[in-house]
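Numbering-wise (our numbering), the sequence shown opens with residue 1245 and increments by one.
Just so it is clear, CB atoms sit at the ideal spot from N, CA and C, and this is done for glycine as well.
To keep things clear, I will list the structure first and then write my remarks on it.
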Amino acid sequence: MSSLKKSLIALLIASLSVSSVLASESGTYFGFGGGWSGYKAKFTDSDYYIVEDETSGTSETKSYDESDKGYKIYGGYQFNKIIGVEASFTDYGTLSSDNYTQKPQSLAVYANAGYNFLNGQLRPFGVLGVGYLKTHQSRDILDDDFVTLHAGGGVEYYPAVLKGMGFRAAVEGDFNSSSERAVDESGNYYSSERFWQRHVLLYLGVQYKF
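Below is the structure:
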């Protein structure tokens, strides 16, 4: 057999092998996860305050920093061992301060990029995309809904013996920056102070790939 034929046969075998690996790593998947949620909000300049009750003028705070439990429902399509696209619904639980409560929920669509190890069983990954979050706040202090940057990362594990069943440990969040009305220590109001919000969920998930 000529060296050219041997090279062509070797190339064909390699191509088929790669195709079969990519085919086994691609597919549609759905999952559910639950864990610990956190909410952080503050003005860029710590001299400004969030006014919680304008009528009494007695309740002001520099920031919110609350936590609870939440859950996530997610699904997507893995194109190959590197890239996929995913969508999710996240409920961040009930996040309460002394006289203000949020029950935030978000919908997000984002890319999922990572790489497989251990014959496709282990996959560290990161996510990046956009979300839409509704706070369901108890009082109209902040914007009730807004577009977010959805980002995070984690690791997935698909044991070969479970035939498509996998597990995920990850942290993901919705991040938003806006301009809110603020009051300084002298009681003067400003309307252009930069305000940051961060909703984060650290979760463990179970998923299945078809």
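Residue of the options minimising C-alpha distance to residue i
{"i": "Y1283", "options": "F1276, F1333, L1366, K1313", "result": "K1313"}
{"i": "A1395", "options": "G1408, F1287, L1446, L1386", "result": "L1446"}
{"i": "A1285", "options": "G1271, W1440, A1331", "result": "W1440"}
{"i": "G1275", "options": "T1338, Y1318, G1408", "result": "Y1318"}
{"i": "E1437", "options": "R1412, G1364, Y1452, S1421", "result": "S1421"}
{"i": "L1386", "options": "L1393, L1351, G1370, S1423", "result": "S1423"}
{"i": "T1379", "options": "S1307, Y1344, K1407", "result": "Y1344"}
{"i": "N1324", "options": "G1398, G1408, G1364", "result": "G1364"}
{"i": "Q1367", "options": "G1397, T1338, V1295, T1305", "result": "Strictly speaking, residue 1367 in this sequence is Arg, with Gln absent from that position. Comparing Cα positions, the closest option is G1397."}
{"i": "S1307", "options": "V1415, D1342, G1337, G1408", "result": "D1342"}
{"i": "G1337", "options": "Q1381, G1408, D1289", "result": "Q1381"}
Same chain only: Cβ atoms within 6 Å of residue i, ignoring 5 sequence neighbours per side
{"i": "V1444", "result": "G1282, G1417"}
{"i": "S1268", "result": "Summary for S1268: the model assigns pLDDT 49, below 50, so the residue's position carries little reliability; its value from the coordinates is reported in the next sentence. No residues qualify anywhere along the chain."}
{"i": "T1227", "result": "Because the chain in this structure spans residues 1245 to 1454, residue 1227 falls outside the shown range and cannot be described."}
{"i": "K1347", "result": "T1338, H1380"}
{"i": "L1266", "result": "With a pLDDT of 38 at L1266, under the threshold of 50, the predicted position of this residue should be treated as unreliable, and no value is reported."}
{"i": "G1408", "result": "Y1452, K1453"}
Cβ-based neighbour list, residue i, same chain, cut-off 7 Å, excluding 5 preceding and 5 following
{"i": "G1328", "result": "G1320, Y1321, Q1322, N1356"}
{"i": "D1335", "result": "G1314, Y1315, Q1349"}
{"i": "L1372", "result": "Y1354, A1355, A1395"}
{"i": "S1220", "result": "Outside the shown range of the chain, which is 1245 to 1454, sits residue 1220, and nothing can be said about it."}
{"i": "D1451", "result": "The residue asked about is misnamed: residue 1451 is Gln in this sequence, not Asp. Closer than 7 Å at Cβ, skipping near neighbours: Y1273, F1274, G1275, G1410, R1412."}
{"i": "S1332", "result": "K1316, I1317, Y1318, A1352"}
{"i": "D1289", "result": "E1437"}
Residues that DSSP places opposite residue i in a beta bridge
{"i": "T1345", "result": "S1340"}
{"i": "I1294", "result": "T1305"}
{"i": "T1272", "result": "Y1321"}
{"i": "Q1451", "result": "G1275, G1410"}
{"i": "R1367", "result": "E1400"}
{"i": "R1383", "result": "None; R1383 has no bridge partner."}
{"i": "L1372", "result": "A1355, A1395"}
Residue i vs residue j beta-carbon contact at 8 Å
{"i": "G1370", "j": "T1392", "result": "no"}
{"i": "G1278", "j": "K1453", "result": "no"}
{"i": "R1383", "j": "F1419", "result": "no"}
{"i": "D1389", "j": "L1406", "result": "no"}
Close-in-space but distant-in-sequence residues of the same chain around residue i (CB under 8 Å, 5 per side omitted)
{"i": "L1448", "result": "G1277, G1278, G1279, F1411, R1412, A1413"}
Residue-chain proximity (residue i, chain B), Cβ-Cβ < 8 Å
{"i": "Y1321", "result": "This model lacks chain B altogether, as it is built from one protein chain only."}
Do three or more CB pairs link the stretch 1401-1409 to the stretch 1358-1377 at distances below 8 Å? In this structure the stretch 1401-1409 lies against the stretch 1358-1377, because at least three pairs of beta carbons, one per stretch, are closer than 8 Å.
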